[in-house]
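Q: Have a look at this one before I ask anything.
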Amino acid sequence: NADLAKNRAKLNGRGSVLFFNQQLHEDLLKKHRLVDRLERALDEGEFRLHYQPQVSAISGRIENLEALLRWEPAIGPAVSPAEFIPVAERSDLIHRIGDWVMEEACRQRAHWRDAGLPIERIDINFSGRQINRLDVFQRFESCLDRYRLGPRHIGIELTENVLIEADGRILDGLRSLYDQGFRIAIDDFGTGYSSLSYLKYFPVTALKIDRSFVRDAPLQPKDRAIMEASVFIGHRLGLEVVAEGVENIEQLALIREIDCDLVQGFYFFRPMPADAIERLIVGVVPAQSGLSS
Ligand code: C2E
Ligand code: MG
Ligand code: MG
Ligand code: MG
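See the structure below:
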């Protein structure tokens, strides 16, 4: 499409300016339309959380779940959070969406606790603008209080860039969560403006190696080297190391070889709705469910 636009611009000469302006105009319109649609989606209850298990690299046991936002509009195809979260980030809507995710994850976790399902933590993603809100940690903690949840039940994920841009107040907030025993993971590790010094200053408990490294590591020595170094540094700093986006047995074999702790990816489980998680957990815990064959 961009190529087409360039070609047309070349052919049209003066007309190109007009063409590009129109493109810009359409992009802007599209952005506004998406923000409006997102706002309506919140009001109409069109968001859901899906949950993707993280499993032990050694035993395959489910250790915890990552909450991932899903939007299936009443009309039209599903829209990926990779597309709509950045748009929501450019307006205050991200706070409403963030609150909704927090509330829903807590509600679900409390429900599973009350139902006696042996599910560990649910980790939720926080984006940059969301964490910049003055009262974000108060809101987080008051949400947990309302559902009588603690550090065992809910954890958080932040990208490197979010951490690097965090000011003193945010770091104090994170430090306080860390001191209370909350799990704090660095998401997409290795893809941000990584400066290793932030590993020294920021209160975190886990590294999630980005799936761009995992993808090619079985065949690409450089990707493998970066993964090995990430595991090494993570472990030396006392952090848990998670490999993201594991899709095949070759990747899993490598991950086991280099001593990664946890694995998340389609090879084991896709993100799925809460009821599918329940069936899964009941199925994999035969001793407690009495369904053992
Ligand atoms: P993320 O936090 O790094 O989440 C992992 C993404 O990788 C998810 O995409 C997940 O579906 C996908 N994934 C997991 N295993 C595999 C695999 O084996 N292969 C491949 N190709 N992909 C895999 P998803 O759900 O589309 O989310 C994309 C991003 O959107 C997330 O990346 C996160 O940055 C953001 N996001 C999702 N939910 C939320 C949310 O509730 N709040 C915020 N602030 N951001 C969210
Ligand atoms: Mg994440
Ligand atoms: Mg990630
Ligand atoms: Mg990611």
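Here the numbering used here runs 102 ahead of the position in the sequence shown, where the first position is 1. Beta carbons: idealized from backbone N, C-alpha and C, even for Gly. Computed from a predicted structure; not experimentally measured.
Note down, in chain order, each residue of its chain lying with its Cβ closer than 8 Å to the Cβ of residue 387, except the 5 sequence neighbours on either side.
A: Taking the sequence shown and counting its residues from 1, one reaches residue 387 at position 285. Here the model assigns residue 387 a pLDDT of 47, short of 50, so the residue's position is not dependable, and the following value carries that caveat. Excluding sequence neighbours, residue 387 sits near 220.
Q: Is the beta carbon of residue 101 within less than 7 Å of some heavy atom of ligand 2?
A: A question about residue 101 goes unanswered here, because the residues of the chain that appear run from 103 up to 395.
Q: Let me check you understand the geometry: is the CB of residue 289 closer than 7 Å to at least one non-hydrogen atom of ligand 1?
A: Numbered from its first residue, the sequence shown carries residue 289 at position 187. Yes - ligand 1 has a heavy atom lying nearer than 7 Å to the Cβ of residue 289.
Q: Is any heavy atom of ligand 1 found at a distance shorter than 7 Å from the C-beta of residue 155?
A: Stepping through the sequence shown from its first residue, residue 155 is reached at position 53. No.
Q: From residue 308 to residue 175, what does the alpha carbon distance come to, in whole angstroms?
A: By one-based count along the sequence shown, residue 308 stands at place 206. By one-based count along the sequence shown, residue 175 stands at place 73. Those two C-alpha atoms are separated by around 34 Å.
Q: Considering only residues of the same chain and omitting the five flanking positions on each side of residue 239, which have a CB-CB separation below 6 Å?
A: Counting from 1 along the sequence shown, the entry for residue 239 is found at position 137. Taken in chain order, the residues that qualify are 275.
Q: Between 139, 330, 123 and 260, which lies nearest to residue 195 when the distance is taken from Cα to Cα?
A: Translated into positions along the sequence shown, residue 195 becomes position 93. Closest by alpha carbon: 139.
Q: To the nearest angstrom, how far is the alpha carbon of residue 271 from that of residue 252?
A: By one-based count along the sequence shown, residue 271 stands at place 169. By one-based count along the sequence shown, residue 252 stands at place 150. If I take the Cα positions, the gap works out to 22 Å.
Q: Take the Cβ of residue 255 as the centre, count every other Cβ of all protein chains shown within 10 Å, and call the residue buried at 16 or more, exposed below.
A: By one-based count along the sequence shown, residue 255 stands at place 153. Residue 255 comes out buried.
Q: What does residue 374 pair with, by DSSP beta-bridge criteria?
A: Taking the sequence shown and counting its residues from 1, the one referred to as residue 374 is at position 272. Bridge partners of residue 374: 153.
Q: Hey, would you say the C-beta of residue 140 is under 7 Å away from at least one heavy atom of ligand 1?
A: In the sequence shown, residue 140 corresponds to position 38, counting from 1. No.
Q: Measuring straight from C-alpha to C-alpha, what distance separates residue 390 and residue 383?
A: Here residue 390 refers to the residue found at position 288 of the sequence shown. Here residue 383 refers to the residue found at position 281 of the sequence shown. Caution applies to residue 390, whose pLDDT of 41 falls short of 50 and renders its modelled position unreliable; the model cannot decide the point.
Q: Hey, would you say the C-beta of residue 227 is under 7 Å away from at least one heavy atom of ligand 2?
A: Reading the sequence shown from its first residue, position 125 is the one you call residue 227. Yes, the Cβ of residue 227 comes within 7 Å of a heavy atom of ligand 2.
Q: Restricting to Cα atoms, I'd like to know which of 300, 341, 293 and 340 is closest to residue 325.
A: Walking along the sequence shown from the start, residue 325 turns up at place 223. Of the listed residues, the one whose Cα sits closest to residue 325 is 293.
Q: Relative to the C-alpha of residue 156, which candidate in 186, 363 and 330 has its C-alpha closest?
A: Position 54 of the sequence shown, counting from 1, holds the residue named residue 156. With distances taken between Cα atoms, residue 156 lies closest to 363.
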